[in-house]
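Shown next, in structure tokens, is the structure this report addresses.
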Amino acid sequence: QAANSASPSIVDIFLEHGANLHNSRAIHEALYWDTSADVIEMLDHLVKRGAGVNHLAIHMRGFHWGARPLNIAAEIGKLEPIRWLLEHGADPTATDRYGIPPCYNAQLFEKNEADELLSDAYNKKLRASSEGNANGDA
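Numbering (the numbering used here), first residue to last: 544 to 681.
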């Protein structure tokens, strides 16, 4: 949980002592920072250190068990972290353990601007995928 309450230098200390970002929920936790600037700083640091933007968190309690970073970002509804995740390779069509894509999370939590952003990204990816299939590229 250092990712939602500590600085990047504290995260580095954990990593130097054997913490593993590859099967962690660090990106998921970082999304809970109060300000988008802090979220972006931590997300950037975590990805540079090896965390994955499409990681399915299996170590989270409750409803978030099996969520991806975009699912959580959609529920929170802050646009800057959502844009950052999309720009850094987060898949808007990847679903959580329930088969729910991030845009549906935004709808469920009535985050209308996040829903619009994620739905656009979702539809754009689906169109690109279907065009690739039509051209025999898939």
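Every residue gets a Cβ at the ideal spot worked out from N, C-alpha and C, and that includes glycine.
{"Item": "For Ala664, which residues in the same chain have their Cβ closer than 6 Å to its Cβ, ignoring the five residues on either side in sequence?", "Value": "Leu629, Pro635"}
{"Item": "Between the C-alpha atoms of His631 and Pro645, what's the straight-line distance to the nearest angstrom?", "Value": "16 Å"}
{"Item": "Answer yes or no: do Leu660 and Ile625 have a C-beta to C-beta separation smaller than 8 Å?", "Value": "yes"}
{"Item": "When the Cα atoms are used, what is the spatial distance from Glu559 to Arg592?", "Value": "11 Å"}
{"Item": "Once DSSP output is grouped into helix, strand and coil, what is the label at Ala633?", "Value": "coil"}
{"Item": "Would you mind working out which of Arg640, Ser662, Tyr641, Gly642 sits nearest Gln650, comparing C-alpha positions?", "Value": "Ser662"}
{"Item": "So what's Ala617 in DSSP terms, helix, strand or just coil?", "Value": "helix"}
{"Item": "Taking all protein chains shown into account, decide if Asp658 is buried (16 or more other Cβ within 10 angstroms of its Cβ) or exposed.", "Value": "buried"}
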